[in-house]
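Okay, so here's the structure we're looking at.
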Amino acid sequence: MLDAAGVAGALRRWVPLGATVAENWARERRILGVARGGATAYPAWQFDQAGLPIGAMRDVILSLRPVLDAEGMLAWLRAPCATLGGRAPCDALREDPEAVKAAARQRGAEPPRYSMAV
């Protein structure tokens, strides 16, 4: 997981107001950010080698948003997915983004799952 400064640093070039770039990308739904210890963390696997967001992430986020919050999306992206032959979506994101987007659309079309924690 990267913080906002880590995302800016991964760009490997000077970025004006670099620490806010991750926050802007998250607001635009280009990347996923999750709350961790009073800050927002960004999983590194959603960035390409140049430090830019993988294009498929926007579609994935928009597909999952109706049924999952950020923590739910993170859990779904890390879990084995039958639609992807048992691979986790985060592991398939770079090599097969279309399949990951299709799997996200499928999950997003399912009704929300609520836990019955007591």
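Here my numbering runs 206 ahead of the position in the sequence shown, where the first position is 1.
Backbone N, C-alpha and C define an ideal beta-carbon position, used for all residues, glycine too.
Computed from a predicted model, the values in this text were never measured in an experiment.
{"Check": "Classification of Pro295 by the beta-carbon crowding that lies within 10 angstroms, buried from 16 upward", "Outcome": "buried"}
{"Check": "Close Cβ partners of Arg319 (< 6 Å) along its chain, the five nearest in sequence each way excluded", "Outcome": "none"}
{"Check": "Other residues of its chain near Glu316: CB distance less than 7 Å, five sequence neighbours each side excluded", "Outcome": "Val273"}
{"Check": "Which residues DSSP lists as bridging Val240, in chain order", "Outcome": "Ala247"}
{"Check": "Identity of the residues DSSP links to Pro259 by a beta bridge", "Outcome": "Phe253"}
{"Check": "Beta-carbon proximity check, Pro248 vs Met279, cutoff 8 Å", "Outcome": "Here the sequence assigns Tyr to residue 248, which means Pro is not the residue at that position. Cβ atoms of Tyr248 and Met279: not closer than 8 Å."}
{"Check": "Reduced DSSP secondary structure (H/G/I, E/B, other) of Leu299", "Outcome": "coil"}
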